[in-house]
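Input: a single structure, listed below in structure tokens.
Residue numbers (my numbering): 13 to 350.
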């Protein structure tokens with residue numbers, strides 16, 4: 013049986029069972045991840061856990077020191093090609109050290125996030141690498157420094173959590189300087205939500221480069237999207253080109269957005285780069301294969317994954333030691349879109 017937290021005012025497992033209308037044994041099976049509970053019953057139990065704020069203790073003392081040899085890799089969308097090479101890097105280092113990697117699609121769902129972090133709290137997984145910006149932000153806000161995890165790509169250097177990423181601000185500035193060097197003065201930005209550090213940094217880099225050239229970013233040329241998929245990029249491009257004064261160049265903060273931009277421009281009757289230049293960010297495999305090939309900022313994706321895995325293993329080996337953050341180099345890849 014799983015016991016409730018011993019902290020003052022803690023909710024008991026019995027209270028959860030009564031609220032959900034099930035037995036204590038059923039709650040225990042749900043919280044221990046046993047697959048013998050019907051989905052509808054499991055949902056009732058998890059809803060009760062949510063409402064009551066129940067948190068279970070670590071299991072018995074011997075389990076507290078046991079190793080699962082399992083590492084979690086938490087991504088927001090397993091279909092996004094940006095994450096594929098990073099995951100390969102994580103898996104490569106983990107397997108060399110005798111660990112297995114469980115790929116966790118968070119789907120921007122706080123409930124999923126909590127269930128994955130509960131695997132760490134109950135020692136059914138040894139550590140986690142978070143690539144989901146939402147998950148990283150939630151974990152930082154909840155001050156989960158006692159849980160062994162590492163932030164990859166999205167991070168906060170002022171919080172004592174190991175991280176690996178690139179200098180997003182410098183990289184974005186380099187991309188925009190490339191456009192300015194080719195004579196563009198009307199440069200638009202397609203960005204993600206400003207609650208993410210990478211989005212704020214990439215916008216800051218764009219504004220740095222524009223300011224150096226005596227240029228500005230009018231509000232009409234700044235589009236914020238909800239997701240980083242192709243459709244969002246295509247729709248953002250259509251919005252920009254419908255303005256009274258349209259831009260001649262577009263910087264998108266991800267390659268998936270930029271590839272969608274190229275499609276949206278083509279559908280609207282514009283040629284790339286003759287009418288509008290496009291620069292992306294990441295250098296996913298598809299970037300070199302589209303027509304025209306995409307000019308972009310290359311992140312060292314496999315190395316990001318390998319470094320994240322090494323930082324996590326270092327933290328597991330030395331729980332009390334300070335593990336520093338790491339910034340890896342980026343590169344501007346010049347191709348035919350700009």
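Positions of the beta carbon are idealized from the N, C-alpha and C atoms, including for glycine. Predicted, not measured: the structure shown is a model, and the values here were computed from it.
Going by DSSP, name the residue or residues bridged to residue i.
i	result
residue 162	141
residue 264	202
residue 343	310
residue 292	308
residue 39	Bridge partners of residue 39: none, in fact.
residue 195	In DSSP, residue 195 forms no bridge with anything.
residue 7	The structure shown has nothing for residue 7, since the chain only spans 13 to 350.
For the ligand MN, is there a heavy atom less than 7 Å away from the beta-carbon of residue i?
i	result
residue 318	For the ligand MN, the structure offers nothing, since it holds no ligand at all.
For residue i, which residues of its own chain have a beta-carbon under 8 Å away from its beta-carbon, when the five flanking residues on both sides are left out?
i	result
residue 199	188, 191, 192, 218, 222, 227, 229, 233, 259, 260, 261, 262, 263
residue 304	274, 284, 285, 347, 348, 349
residue 41	48, 49
Closer than 7 Å by C-beta to residue i: which residues in its own chain qualify, once you throw out the five before and the five after it? Chain order, please.
i	result
residue 53	34, 38
residue 103	113
residue 125	118, 147, 150
Which value, in whole angstroms, describes the spacing of the CA atoms of residue i and residue j?
i	j	result
residue 237	residue 231	14 Å
residue 167	residue 329	22 Å
residue 147	residue 214	20 Å
residue 31	residue 24	11 Å
residue 265	residue 179	13 Å
residue 334	residue 141	17 Å
residue 206	residue 26	42 Å
residue 252	residue 137	46 Å
residue 310	residue 235	22 Å
residue 86	residue 340	21 Å
residue 352	residue 84	Summary: the structure shown does not reach residue 352, with the chain confined to residues 13 through 350, and so no result is reported for it.
residue 291	residue 202	10 Å
residue 88	residue 299	21 Å
residue 316	residue 247	30 Å
residue 338	residue 163	10 Å
Spell out whether any CB of chain C is found under 8 Å from the CB atom of residue i.
i	result
residue 32	Here there is only one protein chain, and chain C is not present.
Mark residue i as exposed unless 16 or more other C-beta atoms lie within 10 angstroms of its C-beta, in which case mark it buried.
i	result
residue 255	exposed
residue 50	exposed
residue 145	buried
residue 183	buried
residue 318	buried
For residue i, I'd like the list of residues in its chain whose CB is within less than 6 Å of its CB, leaving aside the five on either flank, ordered along the chain.
i	result
residue 249	273, 276, 277
For a minimum of 3 consecutive residues, which ranges assigned as the beta strand (DSSP E) are wholly contained in the stretch 225-269? 234-236, 261-264
Every unbroken alpha helix (DSSP H) within the stretch 42-126, with a cutoff of 4 residues, ordered by chain: 51-64, 73-76, 94-108
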